[in-house]
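Input: a single structure, listed below in structure tokens.
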Amino acid sequence: MDSRLNAFLERAESVLARIEPLLPAPRPVIDWNTCLAARWQRDGRSGFLLPLEVSLDMRLSDLIGVDRQLEQLGRNTQQFLDGMPANHALLWGSRGTGKSSLVRALLAEHAQAGLRLIEIERDHLADLPRVVEQIAKLPQRFVLFCDDLSFESGEGDYRVLKSVLDGSLEQAPDNVLLYATSNRRHLVPEKESDNENWKRVDGELHPSEAVEDKIALSDRFGLWLSFYPFTQEHFLNVVEHWIGQLAAKAGLSWQRDEALDILAVRWATGRGNRNGRCAYQFARYWVGLKLLEHKA
Numbered sequence: 191m192d193s194r195l196n197a198f199l200e201r202a203e204s205v206l207a208r209i210e211p212l213l214p215a216p217r218p219v220i221d222w223n224t225c226l227a228a229r230w231q232r233d234g235r236s237g238f239l240l241p242l243e244v245s246l247d248m249r250l251s252d253l254i255g256v257d258r259q260l261e262q263l264g265r266n267t268q269q270f271l272d273g274m275p276a277n278h279a280l281l282w283g284s285r286g287t288g289k290s291s292l293v294r295a296l297l298a299e300h301a302q303a304g305l306r307l308i309e310i311e312r313d314h315l316a317d318l319p320r321v322v323e324q325i326a327k328l329p330q331r332f333v334l335f336c337d338d339l340s341f342e343s344g345e346g347d348y349r350v351l352k353s354v355l356d357g358s359l360e361q362a363p364d365n366v367l368l369y370a371t372s373n374r375r376h377l378v379p380e381k382e383s384d385n386e387n388w389k390r391v392d393g394e395l396h397p398s399e400a401v402e403d404k405i406a407l408s409d410r411f412g413l414w415l416s417f418y419p420f421t422q423e424h425f426l427n428v429v430e431h432w433i434g435q436l437a438a439k440a441g442l443s444w445q446r447d448e449a450l451d452i453l454a455v456r457w458a459t460g461r462g463n464r465n466g467r468c469a470y471q472f473a474r475y476w477v478g479l480k481l482l483e484h485k486a
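This is how it looks when you write it as structure tokens:
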């Protein structure tokens, strides 16, 4: 009897070992008192919140040259934390100019006050009602963050998203806001043909229905913040800031001079852009190079 039982248990263990990889992973239980951020993870027709380990090393003081945007979004976020009326926000403009960094810096600034961040991909925004349902009655304040919200020409998803945002945002509980970033102000590319049917009524120009339809998605956001390409002076100031931060951590003595500025400008020119991300990458390159020279 014992031998037959042992044989059965061995077979059962073998079957379980083969089946287990096919089973869905156990869904984590999030303690929002200690967890600062999560990502909405699609799982079949449903989904769940996956806790994230986030770094809080991005500070508001690291964002150079975006004082107006920082002040407006910071004030909106403070209103939200204080239980006052606040707007959903669209941060749009050139890539690498600090849109996502500003949102993450606000998390670092206000995490102790109960601010939490939930990342949700554009393709999963139809799940907004499910996400909101899970956090509606919690004491923390949640920013739902959609990075790079935009649509390509010919995609019709934005029409579905408009109705979802209407229902989800207008009926959202007081502890939920949506912040989104995009390279486009109107989220959907506009064609030249869209502008052919504008009408003049009583001396005023009225956009065509195609244009109205496309810009309507952006209207779901009450706060629009624009981020513009860096000037050369702005770029070099950001380079100086990040070299200062990295050099201080490494114990490296340095001084900004004309040769450094020329090298930084050449670095940006070689990449075809002049933005905060490029400045940070150059700072890492330059500090690492100097540390290697000192080591040699």
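Position one of the sequence shown corresponds to residue 191 (my numbering), numbered consecutively onward. All C-beta atoms, glycine included, are put in the ideal place defined by N, C-alpha and C.
**residue 408 - DSSP class collapsed to helix/strand/coil** = Helix, per DSSP.
**Request:** Pull up the distance between the alpha-carbon of residue 395 and that of residue 409, whole angstroms please.
**Result:** With a pLDDT of only 45 at residue 395, under the threshold of 50, the placement of this residue in the model should not be trusted; the figure read from the coordinates follows. Computed Cα separation, rounded: 19 Å.
**Asked** Since residue 237 sits in a beta bridge, which residues does DSSP pair it with?
**Response** Note: residue 237 sits in a beta bridge opposite 232.
**Asked** With DSSP run on the structure shown, which of helix, strand or coil describes residue 442?
**Response** Looking at residue 442 - three-state DSSP - the assignment turns out to be coil, as it is neither helix nor strand.
**Request:** Quickly, what does DSSP pair residue 366 with across the bridge? List them, please.
**Result:** According to DSSP, which records beta bridges pairwise, residue 366 is partnered with 332.
**Asked** With 16 other CB atoms within 10 Å as the buried threshold, where does residue 372 fall?
**Response** It counts as buried.
**Segments assigned alpha helix (DSSP H), at least 4 residues, entirely inside the stretch 416 to 475** = Counting whole runs of 4 or more residues, the stretch 416 to 475 contains the alpha helix (DSSP H) stretches 422 to 440 and 448 to 461.
**Item:** Helix, strand or coil at residue 243 [DSSP, three-state]
**Value:** Three-state DSSP puts residue 243 in coil, outside helix and strand.
**Prompt:** Going straight from the alpha carbon of residue 296 to that of residue 249, what length do you get?
**Reply:** Distance between the alpha carbons of residue 296 and residue 249 is about 8 Å.
**Request:** Per DSSP, which residues does residue 280 bridge with? Please list them.
**Result:** Answer by DSSP bridge pairing, in chain order: 370 and 414.
**Message:** Measuring straight from C-alpha to C-alpha, what distance separates residue 446 and residue 430?
**Reply:** For residue 446 and residue 430, the gap between their C-alpha atoms comes out near 7 Å.
**Prompt:** For the putative contact between residue 227 and residue 306, defined by C-beta atoms under 8 Å, what is the C-beta separation to the nearest angstrom?
**Reply:** For a cut-off of 8 Å, the C-beta gap from residue 227 to residue 306 is around 7 Å, short enough to register as a contact.
**Message:** Measuring CB atoms only, is the stretch 278 to 294 touching the stretch 216 to 226, in the sense that at least three cross pairs come out at less than 8 Å?
**Reply:** Of all C-beta pairs linking the stretch 278 to 294 to the stretch 216 to 226, fewer than three are shorter than 8 Å, placing the two stretches out of contact.
**Request:** Out of 247, 471, 277 and 458, point me to the one whose CA is closest to residue 420's CA.
**Result:** The candidate whose alpha carbon is nearest that of residue 420 is 458.
**Message:** Taking the beta strand (DSSP E) that residue 250 belongs to, which residues open and close that run?
**Reply:** Careful: residue 250 lies outside any beta strand (DSSP E) and carries neither H nor E.
**Message:** When you compare the stretch 227 to 237 with the stretch 306 to 317, are there three or more beta-carbon pairs, one atom per stretch, that lie closer than 8 Å?
**Reply:** The stretch 227 to 237 makes contact with the stretch 306 to 317: 3 or more CB pairs, one atom from each, lie closer than 8 Å.
**Item:** Simplified DSSP assignment, three categories, for residue 200
**Value:** Three-state result, residue 200: helix.
**Asked** What separation, rounded to the nearest whole angstrom, lies between the Cα atoms of residue 258 and residue 425?
**Response** Computed Cα separation, rounded: 17 Å.
**Item:** Cutoff 8 Å; reference residue 364; Cβ partners in own chain excluding five residues on either side
**Value:** Answer for residue 364: 273, listed in chain order.
**Asked** Three or more beta-carbon pairs under 8 Å between the stretch 466 to 482 and the stretch 442 to 456, yes or no?
**Response** A contact is defined here as three or more CB-CB pairs under 8 Å, and the stretch 466 to 482 meets this definition with respect to the stretch 442 to 456.
**Prompt:** If you follow the beta strand (DSSP E) that residue 308 is part of, which residue opens it and which one closes it?
**Reply:** Segment 305 to 309, the beta strand (DSSP E) holding residue 308.
**Message:** Relative to the C-alpha of residue 285, which candidate in 327, 470 and 464 has its C-alpha closest?
**Reply:** Checking every option, the nearest Cα to that of residue 285 belongs to 464.
**Item:** residue 227 (DSSP reduced to helix, strand or coil)
**Value:** Judged by DSSP in its simplified three-state form, residue 227 adopts strand.
**Asked** Grouping DSSP H, G and I as helix and E and B as strand, with all else coil, what is residue 290?
**Response** Note: residue 290 maps to helix in three-state DSSP.
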